[in-house]
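Novice: Sending over a structure as structure tokens; questions will come in a sec.
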Amino acid sequence: QSQTAFLSDLTNAGTFIADNNSTTHVAGTITNNGTMTISAGASLTDLVVDAAAILTGGGSVTLSGGNARVLGSGMLTNAAGHTIQGQGSFGLNTIRVVNDGLIDANVNGAVLLLDPSNGGNVFNNGILEASDGGIMNLSGNAGGTFTNNGTIQALNGSAVQTVSSGVVTNNVAGTLTGGSYRSVSTGDASSVALNGPGVSAIAADTTVELSGAAATMTFGGTALHSSLVTNSGALKILDGHTFNMTNALANNGILSLGGAGLADATLDSGGNITNTATGEIFGHGTIEDTILNSGLVRAANGTLTLHGLIDGQSGTIQIDPGASMDLSGAGGDSDTDFLIHNGVNLNLGANNLLVRQDYTNGGFGAGNSFNHRANVTGTGLLLAEPSVTQTLTGDVAGGTTAAATMDFGNLRVGEQVTRHYAVNNVGDAGPVLRGAIQTDNTTGNGGNITDARLSGSGVTTQNFGPINNNAATADFAVTFTGTSAGALTGQQVALVNNFDNVGNQTLSFTGAAYNAAVASVTPSINLGDFHVGDVVPGQAVSISNTAPVGAFAEDLRAENITANPDAILVGGSPSAVNVLAGGTNTEVSVAVGTATAGNKTGTVTMDLLSNATVNGAAIPGLSPLSLGQATVNVSAAVYNLAAPVVDNAQPIDFGVVHVGDSVTPRNLSITNDAPADGFSEGLNAAFGVPGAGLTTNGGSISLLAAQNTDSSSMSINVSTATNQLINSGVPVLFQSDGTGLNGLGQTDLGTQNVSVVAQVNSFAEALFSKVSGDGSFLMNGPTDYALDFGTVLQGTPSPAAGLSLLNDVLAPADDLAGSYVLAAPGFLLSGFGAFSGLAAGSSILGLDISLDTSTLGSMTGTVTLMPRSENLSGFSGPQPDVVIHLSGNVVPEPSGIALCLLFTGVFFGRRRIRRR
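In our numbering, each number is its position in the sequence shown, counted from 1, plus 41.
This is the structure in structure tokens:
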């Protein structure tokens, strides 16, 4: 069964084992001084980096088994001194890696696959290694890359290789830039095979080492020896390795052969080797080609054998103590500016060596024991230029004149610079020179050393020599110590010799010391209070140079100006500024991010340099001096705006009420939904102008705390002054209020409209009308009617009237319902049954009343309506009874004249029925 562990910010001094089919999550700083093993068997066993994680300490994490995996979504830093080793999968296209320690594929025949996330990178500042027969695959399966600032190496029997389009970003268009690359074989084959174009150039600060006969190194499938043209870094051919090049080599860096305590190596260039002024070829072994030397050719740790001559374009030949150089098979004469022989032997064979400037030999001896050919073998000569005169070489100008100059250039107070000069015997074959250095004018030769800032053998009176023809003394050192600012003036030594025909010389010393810049940077900045999402106005960082103003005071430079983690540089802030002595710069501006609430802290860091300029003009010979790093602490507080929420379900429905009703108001429930994290402002709320038919209590809310609710301060009601349909709203105006929390005051949050619906009905009203027939129909009041059929003859047809019932109101209004009480003997009634649902403005017809003429007498009766006002809310309310009074008189049949009068009276007695 799968198990899961979570490790965060802990220290392990013992043993931690993640069993097969388990998942271990890591975050924070894991200080591992013991062992941690991801012990995979048949199931995947994972170490998951959920967020930024640092593995530090002197311990190790071992991926045991092919199913061991390291994956996740964060950045994993393997700190210096910590080891990750073994086999399995490291990355799975998911994480980014910074390696400051050791990652070692050290399981024989097994693969450790490094596969960073898409767009991610493995930044190697430590060692990526395959050892003990292991294989390290650097995969670009998801587009991840590898940047090497440390070492990538395959040891004996092991291989480091890129797969799946893996890219080592250091190989740019065939130039290998940065880091160290080693293929070291001590018997079994070792291989470094990286993607990219064939490497034609090794850049400065880059080391490539091929050690042992079976070591190989390829780039894009092309062996290094087949593509290389230029070395500006360090190329090491060691321990019996033979480097047979296709192209002629230009060396601007360091070319090492053999290696201390290792077997000789062989270099066979595809043509003459050009060793430039910055180039150095050193070590022991064999070089098959002519060296066009402008740099240094140096024998060290054994014998350096050259089967081609050294053509000294300039440059130096040097033999280290214990080493030898063999030019006997060079096939011709060699030449150099400088020959420094402190070794066991210089074998010239039959070839001459012309030294143009300086020749020193640790075996010269002193006085009568001087031997310019000490430790030099062969019949070849050490030659100097003809026409010998005394000259000065080394760090001097005008060395062939009577008044030479040694310029120390410019340095800083507190620094010291040592320069050297040698006394030369220049000319055709002639004697060696012996002489003395004089530091005062006792003999009138011009010596004058009075400035205590000068010291060293070159300004100390002593003998020098012997000097061979076209050779020079060992260097005399002169040190200029900048104990105070200012220039050297009038300082010189006299150099006199023991030959009258060789002119004496003076050597004057020039130079100056400068006060370095002194930095003063704002220590801290409090930006104040802001809301989440605010754009924080930048605040200037003050960078001052407090060095004294003057001709010998340097400018201050602040560079690599960066901000983190919460601090950010405002757009337009420079990444570097220059500040004159006595000046202040405020161009750098800092702010903080406001994406989240809380106390924001960060720093602005910058590298400070004394810039080797005065008022912007370069000081010749000085390079910028690091003054360390300055840190500006930046702080601010970011607050959440209040988050208003109207909790009431909307629309708020008052239902059906009646004109004139007293309606219970509805309270608004308002919540401040901002997080209760101590960084959320209070909520203010107030009503705006309510919509048609609505009223409020005018209430408000002040400083409602985060995650609190107010359901009593603010209420809404409807107006029942008139009947109406209400579908409207009440605006609620919200503010975020920082009172008591911050200094941000009140911030409008806009308006939310609370929607309301209601129906204000009129009560139903009953209205009877006569619509047809006989009789007089009168409305005596809203609830009182009279229907009079007058006098009719017995036996004649019954008079009849048709009535209607109207719900006499305008909508919105209640429906009319009701029932009748009939108390009308002598009358015939129909249609007066119970009813309901008579809408406003609607009528009921078919209410018929007739007088029964079969019975004599005066007839009276009543029809009583008991009305009710009803609506869909369930309301059903009684209304005042409405009574119709009925009357009629039935008489016997009269004589003819009486009958005529009777009918005349009836006719004129009929009245119109009026409707109110």
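Just so it is clear, CB atoms sit at the ideal spot from N, CA and C, and this is done for glycine as well.
Taking the alpha-carbon positions, what's the Lys641 to Ala677 distance?
Specialist: Translated into positions along the sequence shown, residue 641 becomes position 600. Translated into positions along the sequence shown, residue 677 becomes position 636. Taking the straight line joining both Cα atoms gives about 5 Å.
Novice: For Leu913, does the count of other Cβ atoms within 10 angstroms reach 16, so buried, or fall short, so exposed?
Specialist: Here residue 913 refers to the residue found at position 872 of the sequence shown. Result: exposed.
Novice: Rounding to the nearest angstrom, what Cα-Cα distance links Thr894 and Asp829 in this structure?
Specialist: Mapped onto the sequence shown, residue 894 falls at position 853. Mapped onto the sequence shown, residue 829 falls at position 788. Their Cα atoms are separated by approximately 14 Å.
Novice: Is the distance from the Cβ of Asp751 to the Cβ of Ile742 below 7 Å?
Specialist: For the purposes of this step, residue 751 is taken as the residue at position 710 of the sequence shown. For the purposes of this step, residue 742 is taken as the residue at position 701 of the sequence shown. Yes; because the gap between Cβ atoms is below 7 Å, this pair is in contact.
Novice: Flag this pair as touching only if the region 217-236 and the region 185-197 have three or more C-beta atom pairs under 8 Å; answer yes or no.
Specialist: Counting Cβ pairs under 8 Å, three or more are found: they touch.
Novice: Please state if the CB of Ile890 and the CB of Ala827 are separated by a distance shorter than 7 Å.
Specialist: Sequence index remark: in the sequence shown, residue 827 carries index 786 (1-based). Sequence index remark: in the sequence shown, residue 890 carries index 849 (1-based). No, Cβ-Cβ distance for Ala827 and Ile890 is not below 7 Å.
Novice: What are the boundary residues of the alpha helix (DSSP H) that includes His266?
Specialist: The count along the sequence shown starts at 1 and reaches residue 266 at position 225. 265-268 is the span of the alpha helix (DSSP H), which, as asked, contains His266.
Novice: Could you compute how far the alpha carbon of Thr547 sits from the alpha carbon of Phe517?
Specialist: As a position in the sequence shown, residue 547 is number 506, starting the count at 1. As a position in the sequence shown, residue 517 is number 476, starting the count at 1. If I take the Cα positions, the gap works out to 14 Å.
Novice: How would you call Ser703, buried or exposed, if buried means at least 16 neighbouring beta carbons within 10 angstroms?
Specialist: Locating residue 703 in the sequence shown gives position 662, where the first residue counts as 1. Label assigned to Ser703: exposed.
Novice: Going by alpha carbons, who is nearest to Leu423 out of Gly439, Ala799, Phe449, Ala391?
Specialist: For the purposes of this step, residue 423 is taken as residue 382 along the sequence shown, with counting starting at 1. The residue with the shortest Cα to Cα distance from Leu423 is Ala391.
Novice: Are Ser158 and Thr186 closer than 7 Å when you measure CB to CB?
Specialist: The residue you call residue 158 lines up with position 117 of the sequence shown. The residue you call residue 186 lines up with position 145 of the sequence shown. No.
Novice: I need the DSSP call for Gly499, collapsed to helix, strand or coil.
Specialist: The count along the sequence shown starts at 1 and reaches residue 499 at position 458. Residue state, collapsed to three classes: helix.
Novice: Mind checking who Asn626 pairs with in its DSSP beta bridge?
Specialist: Residue 626 sits at position 585 when you count from the first residue of the sequence shown. DSSP, once it has assigned bridges, lists Ile584 as partnering Asn626.
Novice: When the Cα atoms are used, what is the spatial distance from Ala549 to Pro661?
Specialist: If you number the sequence shown from 1, residue 549 lands on position 508. If you number the sequence shown from 1, residue 661 lands on position 620. For the sequence presented, residue 549 should be read as Ser rather than Ala. Going from the Cα of Ser549 to the Cα of Pro661 covers about 19 Å.
Novice: Short check: CB of Thr78 to CB of Ser105, under 7 Å?
Specialist: Locating residue 78 in the sequence shown gives position 37, counting from the first residue. Locating residue 105 in the sequence shown gives position 64, counting from the first residue. Yes, they are a contact pair.
Novice: Please specify which runs of the beta strand (DSSP E), each continuous and at least 3 residues long, are wholly inside the region 322-350, giving them in chain order.
Specialist: For the region 322-350, whole beta strand (DSSP E) runs of length 3 or above, ordered along the chain, are 332-334, 337-347.
Novice: Using the Cβ count rule (16 or more neighbours within 10 Å means buried), how would you classify Ala515?
Specialist: Walking along the sequence shown from the start, residue 515 turns up at place 474. Classification for Ala515: buried.
Novice: Helix, strand or coil: how does DSSP classify Glu170 here?
Specialist: Locating residue 170 in the sequence shown gives position 129, where the first residue counts as 1. Residue state, collapsed to three classes: strand.
Novice: I'd like the ranges of any beta strand (DSSP E) spanning at least 3 consecutive residues and lying wholly in the region 767-826.
Specialist: Segments of the beta strand (DSSP E) lying fully in the region 767-826: 787-802, 807-814, 817-822.
Novice: Below 8 Å CB to CB, which residues in the same chain sit around Asp60 once its five sequence neighbours on both sides are set aside?
Specialist: Taking the first residue of the sequence shown as position 1, residue 60 is located at position 19. So the list reads Gln44, Ser80, Thr86, once near-sequence residues are dropped.
Novice: Just to confirm, is the Cβ distance from Gly969 to Thr247 under 7 Å?
Specialist: In this structure the chain extends from 42 to 957, so residue 969 is not present and cannot be described.
Novice: Could you tell me which whole beta strand (DSSP E) segments of length 3 or greater appear in the region 351-395?
Specialist: Fully enclosed beta strand (DSSP E) runs of 3 or longer: 351-353, 357-360, 365-367, 375-382, 386-388.
Novice: Rounding to the nearest angstrom, what Cα-Cα distance links Asp492 and Leu529 in this structure?
Specialist: As a position in the sequence shown, residue 492 is number 451, starting the count at 1. As a position in the sequence shown, residue 529 is number 488, starting the count at 1. Cα-Cα distance, rounded: 8 Å.
Novice: For Asn725, which of Asn713, Gly732, Thr327, Gly734 has the nearest alpha-carbon?
Specialist: For the purposes of this step, residue 725 is taken as the residue at position 684 of the sequence shown. When each option's Cα is compared against that of Asn725, the closest is Asn713.
Novice: Excluding sequence positions up to five away, which residues of its chain have a Cβ less than 6 Å from the Cβ of Asp648?
Specialist: Your numbering for residue 648 matches position 607 in the sequence shown. Here the set comprises Glu600, Asn601, Gln670.
Novice: Relative to the alpha-carbon of Thr188, which residue among Asn236, Ala151, Leu153 has its alpha-carbon at the smallest distance?
Specialist: On the sequence shown, residue 188 is found 147 positions in, with the first residue counted as 1. Checking every option, the nearest Cα to that of Thr188 belongs to Asn236.
Novice: Leaving out five residues before and five after Gly701 in sequence, what residues of the same chain have Cβ atoms less than 6 Å from its Cβ?
Specialist: To locate residue 701, count along the sequence shown from 1; it is residue 660. So the qualifying residues of the chain are Thr761.
Novice: Whole angstroms is fine: what's the gap from Ser917's alpha carbon to Asn802's?
Specialist: Here residue 917 refers to the residue found at position 876 when the sequence shown is read from its first residue. Here residue 802 refers to the residue found at position 761 when the sequence shown is read from its first residue. Cα to Cα, Ser917 sits roughly 13 Å from Asn802.
Novice: What first and last residue would you give for the beta strand (DSSP E) that runs through Val233?
Specialist: Start at 1 with the first residue of the sequence shown, and residue 233 comes out as number 192. Note, Val233: beta strand (DSSP E), 231-235.
Novice: Distance check for Val797 and Ala47, CA to CA, integer angstroms please.
Specialist: Here residue 47 corresponds to residue number 6 of the sequence shown, with the count starting at 1. Here residue 797 corresponds to residue number 756 of the sequence shown, with the count starting at 1. The question names Ala, but residue 47 in the sequence shown is Phe. The alpha-carbon atoms of Phe47 and Val797 are separated by roughly 53 Å.
Novice: Quick check on Asn708: does DSSP put it in helix, strand or coil?
Specialist: Position 667 of the sequence shown, counted from the first residue, corresponds to residue 708. DSSP places Asn708 in strand when its eight states are reduced to three.
Novice: Consult DSSP for Thr896 and reduce its assignment to one of helix, strand or coil.
Specialist: Position 855 of the sequence shown, counted from the first residue, corresponds to residue 896. The answer is coil: DSSP assigns Thr896 none of H, G, I, E or B.
Novice: For Phe948, does the count of other Cβ atoms within 10 angstroms reach 16, so buried, or fall short, so exposed?
Specialist: Position 907 of the sequence shown, counted from the first residue, corresponds to residue 948. Residue placement at Phe948 cannot be trusted, given a pLDDT of 35 that sits under 50; what the coordinates show is reported in the next sentence. When all chains shown are included, Phe948 counts as exposed.
Novice: Based on Cα-Cα distance, which residue from Val89, Gly100, Val67 lies nearest to Ala54?
Specialist: One-based indexing of the sequence shown puts residue 54 at position 13. Of the listed residues, the one whose Cα sits closest to Ala54 is Gly100.
Novice: Between Gly459 and Gln359, what straight-line distance do the alpha-carbon atoms span, to the nearest angstrom?
Specialist: Walking along the sequence shown from the start, residue 459 turns up at place 418. Walking along the sequence shown from the start, residue 359 turns up at place 318. As written in the sequence, residue 459 is Thr, which differs from the Gly given in the question. Rounded to whole angstroms, Thr459 to Gln359 spans 20 Å at the Cα level.
Novice: Can you name the residues that DSSP bridges to Thr761?
Specialist: For the purposes of this step, residue 761 is taken as residue 720 along the sequence shown, with counting starting at 1. None, per the DSSP bridge assignment.
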